[in-house]
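Note sheet for the following structure.
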Amino acid sequence: MVINEDTVKALLAAAAPLIELAITEDIGIGDATSEAIVPVDKQLTGRFIAKQRGTVAGLPVVEALLKKVDPRLEFEACVEEGSPVEPGELIATATGPGRALLSAERAALNFLQRLSGIATLTKVFVDAVATTDTVILDTRKTLPGFRVLDKYAVRAGGGVNHRMGLYDMFLVKDNHIDAAGGPTPAALAAREARPDLALEIEVRNLDELEQALKLEPPPDRILLDNMDLDTLRKAVLHVGGQIPLEASGGVTIDNVAAIAATGVDAISVGELTHSASALDISMKTAATAVTMQSLIQEAQRLKSELDGRIAILGHHYQRDEVIELADFRGDSLGLARDATATDAEFIVFCGVHFMAETAAILAKPGQHVLLPDLEAGCYLAETVNTQSVDKTWQSLEKVLGNVEEQVLPVTYVNSSAELKSFCGRHGGIICTSGNAEAILRWAFEQRPKVLFFPDQHLGQNISRRLGVADEQMLVWDVQRPPDAEEIKAASVLLWPGACNVHRRFRENHIVMMRQRHPGIQIIVHPECCVEVVTLADDVGSTAHIIRRIDEAPPGTTWAVGTEARLVHRLQHRYPDKTVIPLADIPPYCSTMSQITLDKLVYLLDQVNRGKLHNEVVVDSKVSHWGRIALQRMLEQS
Ligand code: SF4
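So the number in this note's numbering is just where the residue sits in the sequence shown, counting from 1, plus 635.
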């Protein structure tokens, strides 16, 4: 498990009485059916299988419940907490006395389905606001008795917990204000009673907001209750970032993105815990069920039958069982190089779509690049498209007159082939997180300004390292493009995209980590926001992170701010060092997870039958200019 021990301990402490209750109400004096039918010595293996796409939460609770029913039941999680699953995917197995297993089945599924349902819905909301810095908060609308579990599931889905109860934070609402005779006496009374607690105050309109801003000392957060989008925008503009703002009331999946776009810092969503549907998960005990081990053996057999005609490339964020089969492992830069080095006829890319496109651009004549799931995209890459970049380029031409001499386009490799081609056509270049510093240095030698897309955080972090002042960096707001003077004054124009995984790391994760583990070293990926990078001890690409941990002396302790699977693998690879994820429930890349072992086996089977399954092909003109931009990069790094 990647989640830290304290989190599991707190979860299981809260779950213990609920497990007792669930067993008592369901099994009672005994499972009449299983005891009558299943022989007492019959051993069974149950397989928990996802029947719909979702996010898993609650596996430690399932394990505790099974052990409570019968300590001989052996539980094995096949995915980690907070990880995405596809329909048909194996989540966990439980082996042991058949009677006990069947008796525990319903209660175990009830916990797993409920918590995974909450995590899944939370993830949907989190993804809907992924292009902004807004966080999704839960509320107190939890099932009685399930507060800790429900809120844990919210975190597993990428959300952030609001207060746990009435006891750990002040939230001053209209009724409190009326009772106290106004916002000022209410806030003063609260501060006086418990100065140690954070204070949030609810306002319903801009007048009340004005009053809340005058409070002395100021509140820690202001809740904007049931405001329309226009009022929210005005509130954000008025507060100007002085105090964090939370939008609340009437939030649905249809309007959450628009609310986030107003610039509020957080949005609380009651639906996460009061209306999440259970995730459809079943437990099968059929002897013929496919096991992970049998799939691995099948993949190895199919691969060896292709006898050197195939090369499997696996990104570091890939599932363990998939990356185990890879001939080349690496990050974007390493795999781009490996793709050019192999002569294999079939390059199977176990990564996301833009990576397969990059390999297709660099492929030799006669080579085919295949992706086990063509839908495996990248949130970051999808924050930008050719039309919007073309429009930006035209705006720059209008303001600067000679954009081709003034601005060099640089795209992070996490972008579509069309955007790489755009860079090739306009004298630009591609970078990865591993070579971004060298590439940006080169870019500034060519032209005075850089248009960097799509990751604003990477662009900002690397530009800072090169000495570019924050005032010279301009985030390009597509809805409200900057004016001519702002464009002329800027050295770096940043696209407002962000990685859905790395943007989740926050300053408070670092602060908490240092409190818990004095002397810990914190290393993060440069796709994290500038505040996190500033507080960390070290920052670097995936390859850099792996190297630093590898070279660190035994006994050292590291918190790593990057994708959960990589951190998990580092924990196992270096048992002589303590490696922990920077966040309690570290984020997974859900699109990487779409590459499952069964999809890889199917692809290998198709290739063995002479069929090109899921080939990634790039248009020749796009490929021509994309290759030029990629070659410029490979020459500079
Ligand atoms: S980790 Fe982030 S940048 Fe990498 S593929 Fe996933 S969403 Fe894209």
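Virtual Cβ for every residue (Gly too), placed ideally from N, Cα, C. It should be emphasised that the depicted structure is a prediction, and the values quoted were computed from it without experimental measurement.
Same chain, Cβ closer than 7 Å to residue i, neighbours up to 5 away in sequence not counted
i       : result
Asn956  : The question names Asn, but residue 956 in the sequence shown is Glu. Cβ neighbours of Glu956 beyond the five flanking positions: Met927, Ile931, Leu1232.
Ser669  : Arg734, Leu737, Ser738
Glu1168 : For the record, residue 1168 in the displayed sequence is Val; it is not Glu. Asn1096, Val1159, Pro1161, Val1174, listed in sequence order.
Asp1254 : none
Leu867  : Leu859, Ala882, Ile894, Thr897, Val899
Val1103 : Ser1126, Val1127
Val871  : Leu880, Thr897, Gly898, Val899
Ala924  : Its pLDDT being 47, under 50, Ala924 is placed unreliably by the model, and nothing is read from it.
Under 8 Å between C-beta atoms of residue i and residue j
i       : j       : result
Leu968  : Gly1069 : yes
Met1147 : Ile1157 : no
Ser1225 : Asp966  : no
His988  : Gly1012 : yes
Val697  : Leu647  : no
Ile1155 : Thr1192 : yes
Thr1046 : Lys1055 : yes
Leu1129 : Gln1091 : yes
Ala1016 : Val1004 : no
Gln846  : Pro818  : yes
Gly623  : Ile1220 : Here the chain comprises residues numbered 636 to 1272, so residue 623 is not present and cannot be evaluated.
Ser1023 : Val1113 : yes
Ile1180 : Val1165 : no
Lys776  : His951  : no
Per-residue DSSP class, three states only, for residue i
i       : result
Ser1176 : coil
Gln932  : helix
Glu827  : helix
Thr690  : strand
Lys1315 : No statement about residue 1315 is possible, as the shown extent of the chain runs from 636 to 1272 and does not include it.
Cys985  : strand
Ala922  : Annotation note: pLDDT 48 at Ala922 (below 50); position unreliable, coordinate value reported separately. Three-state DSSP puts Ala922 in coil, outside helix and strand.
Met799  : coil
Gln1271 : helix
Lys1212 : coil
Glu1250 : strand
Gly794  : coil
Pro820  : helix
Arg734  : helix
Leu708  : coil
Asp865  : helix
Ala1194 : strand
Ile1184 : helix
Gln1156 : strand
Phe1088 : strand
Ile1263 : helix
Leu653  : helix
Gly663  : coil
Val714  : coil
Ile1097 : helix
Phe963  : strand
Same chain, Cβ closer than 6 Å to residue i, five either side skipped, listed in chain order
i       : result
Asp1211 : Pro1189
Ala788  : Ala692, Leu750, Ile753, Ala754
Ala657  : Ala742
Tyr802  : none
Leu960  : Ala934, Ile947
Leu970  : Leu948
Thr642  : Asp1219
Same chain, Cβ closer than 8 Å to residue i, five either side skipped, listed in chain order
i      : result
Ser917 : Phe683, Ile684, Lys686, Leu744
Leu832 : Asp803, Met804, Phe805, Ala825
Glu740 : Gly681, Met918
Leu855 : Sequence check: residue 855 is Asp here, not Leu. Closer than 8 Å at Cβ, skipping near neighbours: Ala833, Leu834, Glu835, Ile878, Pro879.
Ala763 : Ile888, Val891, Ala892, Ala895
Those residues which DSSP pairs with residue i across a bridge
i       : result
Cys1066 : Tyr1047
Gly681  : Ala729
Val807  : Ile836
Asp785  : The partner list for Asp785 (beta bridge, DSSP) is empty, contrary to what the question assumes.
His1003 : Phe981
Ile902  : Ile771, Ala882
Ile947  : Val983
Ile916  : Ala685
Pro1117 : Answer is none; Pro1117 lacks a bridge partner.
Leu1205 : In the DSSP output, where bridge partners are listed per residue, Leu1205 has none listed.
is_contact[residue i, chain B] using C-beta, thresh 8 Å
i       : result
Asn1249 : Although the question refers to chain B, the structure presented lacks it and comprises just one protein chain.
In chain order, what are the residues with a CB under 7 Å from some non-hydrogen atom of the ligand SF4? Tyr952, Val987, Cys1013, Tyr1014, Leu1015, Ala1016, Asn1049, Cys1134, Asn1135, Val1136, His1137, Glu1162, Glu1198, Cys1224, Thr1226, Met1227
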